[in-house]
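Peer 1: Take this structure, written in structure tokens, and hold onto it; I'll ask about it next.
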Amino acid sequence: MNNFRQFRSLHIVNSFIILSPLIFGIVIEKRWIPAMILPIECLISYWITGFALERRETHNEKIIRNVLCWLTYFSFGISMAYLIWYRNTQFRISILINGMLGLLFMALGNIMPKAQQNQVFGIRTFWTLNNKENWIYTQRFAGHLWVVCGFAMLATSFIPNGEIVIWIFIAAAVIGPILYSYFYAKKHDQIPKEKKRIRKRKILGSALLFAFIAGVVVVFLSGKYTISLNKQELVIDANFVYDTTIDFSKIDSVELVENVKGSKVFGYNAFFCNMGTYRNDELGEYTRYTDFSGKAIQIRTDNQTFVINEKNDYRTKQLYEQILANLSVKAAKKESAYQKS
């Protein structure tokens, strides 16, 4: 509790900074918008971190202040980026967020080698917490690795759909120091036999973490969708996002367009595969299923807009012609029924 009281003024100032995008949003928009939820979520995360520091009773004041300040800057930046994107959907929010994440890793990488043994910040494995020498060398290695990964993430943030690469660097930054700590302890005979059961738990935890990150990579690599047509409707069957069915009788217009730009609101994107709800200034919110950045089919109904394409321009044009053919048959049947009546 003493630590929390000691940093009370810092918590108050940082809380105001984190919530300032919320105030900015209210003043500019003059209404409640979904983008205002993010500062509140960031504030909750900040206070959870604050209470965690209180429970640990650590006395490393400089490390605590640095971690809390960087968490505040990161939260403020993300919230402001989301508000800017909400007002201008052509703004690529992923560049700013991924770039800030890279800067955060670089900043923490510079702080890490200076950290003394503690239960709050740093690479906290069984081996680092039980051996000061292991702690020093592991934090030094992790600091260099995090700076390199952060710089790489910063550079990668300008690559379109580079999220998979970002995840690879995050995995390297997390798993690398854990493995370094273990092998350093093993090399210097710092693994006591009486702690074998605890060691196995740590290794199991590291393995589970690796499996989780590997699962994320698999998700990024396995996203796909298929488009099929029948006499009544167009059906899109997708992985990881909702499926879509478009009734031909409800289609108002269909056109073949160049690549439609937009930012993801909710859904899936990896490499060139984009699925889910997207948004841009021209169309507003629309449903997107695209697998490359070439031509696309824009379909409008009475209340929705869809942007879809196939693996390449040739297959997209074929799909476009099939849709037009189905619509022509529908129109002919309607005309025939009208004449008979």
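Take the position in the sequence shown, starting the count at 1, then add 1462; the result is the number in our numbering.
The beta carbon of each residue, even a glycine, is placed where N, CA and C say it ideally should be.
All of these numbers come straight from a predicted model, not from anything done at the bench.
Would you tell me roughly how many angstroms separate the C-alpha atoms of Lys1693 and Asp1764, rounded to the nearest one?
Peer 2: If you take the alpha carbons of Lys1693 and Asp1764, they lie about 20 Å apart.
Peer 1: Using only the alpha-carbon positions, how far apart do Val1697 and Leu1691 sit?
Peer 2: About 6 Å.
Peer 1: Taking the alpha-carbon positions, what's the Val1727 to Thr1739 distance?
Peer 2: One C-alpha to the other measures close to 6 Å.
Peer 1: Alpha carbons only, please: which of Tyr1644, Leu1781, Ile1713 and Ala1577 is nearest the one belonging to Gln1766?
Peer 2: Nearest of Tyr1644, Leu1781, Ile1713 and Ala1577 to Gln1766, Cα basis: Ile1713.
Peer 1: Give me, in chain order, the residues of the same chain whose beta-carbon lies closer than 8 Å to that of Thr1749; leave out the 5 immediate sequence neighbours on both sides.
Peer 2: Thr1706, Gly1738, Thr1739, Tyr1740, Gln1766, Thr1767, Phe1768 and Val1769, listed in sequence order.
Peer 1: What separation, rounded to the nearest whole angstrom, lies between the Cα atoms of Val1636 and Phe1710?
Peer 2: When rounded, the distance between both Cα atoms is 49 Å.
Peer 1: On the CB-based measure, 16 or more other CB atoms within 10 Å of its CB, does Ala1787 come out buried or exposed?
Peer 2: Per the 10 Å Cβ criterion, exposed.
Peer 1: If you reduce the DSSP assignment to three classes, tell me which class Glu1720 lands in.
Peer 2: DSSP places Glu1720 in coil when its eight states are reduced to three.
Peer 1: Roughly how many angstroms lie between the CA atoms of Val1529 and Ile1502, to the nearest whole one?
Peer 2: One C-alpha to the other measures close to 19 Å.
Peer 1: Could you check whether the region 1718-1726 touches the region 1750-1757, counting it as contact only if at least three pairs of C-beta atoms, one from each stretch, sit closer than 8 Å?
Peer 2: Yes, the region 1718-1726 touches the region 1750-1757.
Peer 1: Report the option in Met1568, Tyr1776, Ser1471 and Glu1772 whose CA atom is closest to the CA atom of Leu1616.
Peer 2: The residue with the shortest Cα to Cα distance from Leu1616 is Met1568.
Peer 1: Looking at the structure shown, is Glu1747 part of a helix, part of a strand, or coil, going by DSSP?
Peer 2: Correct three-state label for Glu1747: strand.
Peer 1: So, helix, strand or coil for Asp1764, using DSSP?
Peer 2: Coil.
Peer 1: Can you look up Val1703 in the DSSP assignment and give me helix, strand or coil?
Peer 2: It is coil, neither helix nor strand.
Peer 1: Just list the residues that DSSP pairs Ile1753 with in beta bridges.
Peer 2: What sits at residue 1753 in the sequence shown is Asp, not Ile. None; Asp1753 has no bridge partner.
Peer 1: What is the DSSP secondary structure of Arg1586, counted as helix, strand or coil?
Peer 2: Arg1586: coil per DSSP, three-state reduction.
Peer 1: Take the Cβ of Phe1538 as the centre, count every other Cβ of all protein chains shown within 10 Å, and call the residue buried at 16 or more, exposed below.
Peer 2: Buried, by the Cβ-count rule.
Peer 1: Tell me the rounded alpha-carbon separation between Lys1773 and Glu1783.
Peer 2: Approximately 16 Å, taken between the alpha carbons.
Peer 1: Could you give the DSSP three-state label for Gly1738: helix, strand or coil?
Peer 2: Three-state result, Gly1738: strand.
Peer 1: Specify, as a first and last residue, the run of the alpha helix (DSSP H) that Asn1731 falls within.
Peer 2: Run containing Asn1731: none in the alpha helix (DSSP H); it sits in the beta strand (DSSP E), Ser1725 to Ala1732.
Peer 1: Do Ala1614 and Phe1631 have their C-beta atoms within less than 8 Å of each other?
Peer 2: Cβ distance < 8 Å, so Ala1614 and Phe1631 count as in contact.
Peer 1: Is Glu1772 helix, strand or coil when you go by DSSP?
Peer 2: In this structure, Glu1772 counts as coil in the three-state DSSP scheme.
Peer 1: Excluding the five sequence neighbours on either side, which residues of its own chain have a C-beta within less than 6 Å of the C-beta of Asn1736, listed in chain order?
Peer 2: Here the set comprises Arg1750 and Thr1752.
Peer 1: What residues in its chain sit with their C-beta under 7 Å from that of Ile1480, if we drop five residues either side in the sequence?
Peer 2: Excluding residues within five positions, the ones whose Cβ falls inside 7 Å are Pro1501, Cys1504, Leu1505, Tyr1508, Thr1534, Ser1537 and Phe1538.
Peer 1: Look at the alpha carbon of Asn1745 and the alpha carbon of Trp1532, and state the distance between them as a whole number of angstroms.
Peer 2: The amino acid at residue 1745 is misidentified as Asn; the sequence shows Leu. Roughly 37 Å between the two C-alpha positions.
Peer 1: Can you give the Cα-Cα distance for Lys1649 and Ile1540, rounded to whole angstroms?
Peer 2: Each residue's alpha carbon lies about 42 Å from the other.
Peer 1: If you count every other CB in all the chains shown that lies within 10 Å of the CB of Glu1656, and 16 or more means buried, which is it?
Peer 2: Residue placement at Glu1656 is poorly supported in this model, since its pLDDT is 47, which falls under 50; the coordinates still yield a value, given next. With fewer than 16 Cβ atoms within 10 Å of its Cβ, Glu1656 is classed as exposed.
Peer 1: Does any C-beta atom of chain B lie closer than 8 Å to the C-beta of Gly1539?
Peer 2: In the displayed structure, chain B is absent; only one protein chain is listed.
Peer 1: Confirm, please, whether the CB-CB distance from Ile1628 to Asn1560 is below 8 Å.
Peer 2: It is a contact, given that the beta carbons lie within the stated cut-off.
Peer 1: For Lys1757, does the count of other Cβ atoms within 10 angstroms reach 16, so buried, or fall short, so exposed?
Peer 2: Looking at its Cβ environment, which holds 16 or more other Cβ atoms inside 10 Å, Lys1757 is buried.
Peer 1: Going by Cα to Cα distance, which pick from Phe1583, Ile1626 and Thr1618 is closest to Leu1558?
Peer 2: Selected option, being the one with the closest Cα: Thr1618.
Peer 1: For Arg1470 and Gly1605, I'd like the C-alpha separation in whole angstroms.
Peer 2: Rounded to whole angstroms, Arg1470 to Gly1605 spans 29 Å at the Cα level.
Peer 1: Confirm, please, whether the CB-CB distance from Pro1639 to Leu1591 is below 8 Å.
Peer 2: In this structure, Pro1639 does not lie closer than 8 Å to Leu1591 by Cβ.
Peer 1: Below 8 Å on the Cβ atoms is my contact criterion, and I expect Ile1708 with Glu1695 to pass it. Report the Cβ-Cβ distance as a whole number of Å.
Peer 2: With 8 Å as the limit, Ile1708 and Glu1695 qualify as a contact, their Cβ atoms being about 6 Å apart.
Peer 1: Per DSSP, what are the beta-bridge partners of Ser1690 in this structure?
Peer 2: In the DSSP output, where bridge partners are listed per residue, Ser1690 has Val1697.
Peer 1: Excluding the five sequence neighbours on either side, which residues of its own chain have a C-beta within less than 7 Å of the C-beta of Phe1620, listed in chain order?
Peer 2: Excluding positions up to five away in sequence, the list reads Ile1557.
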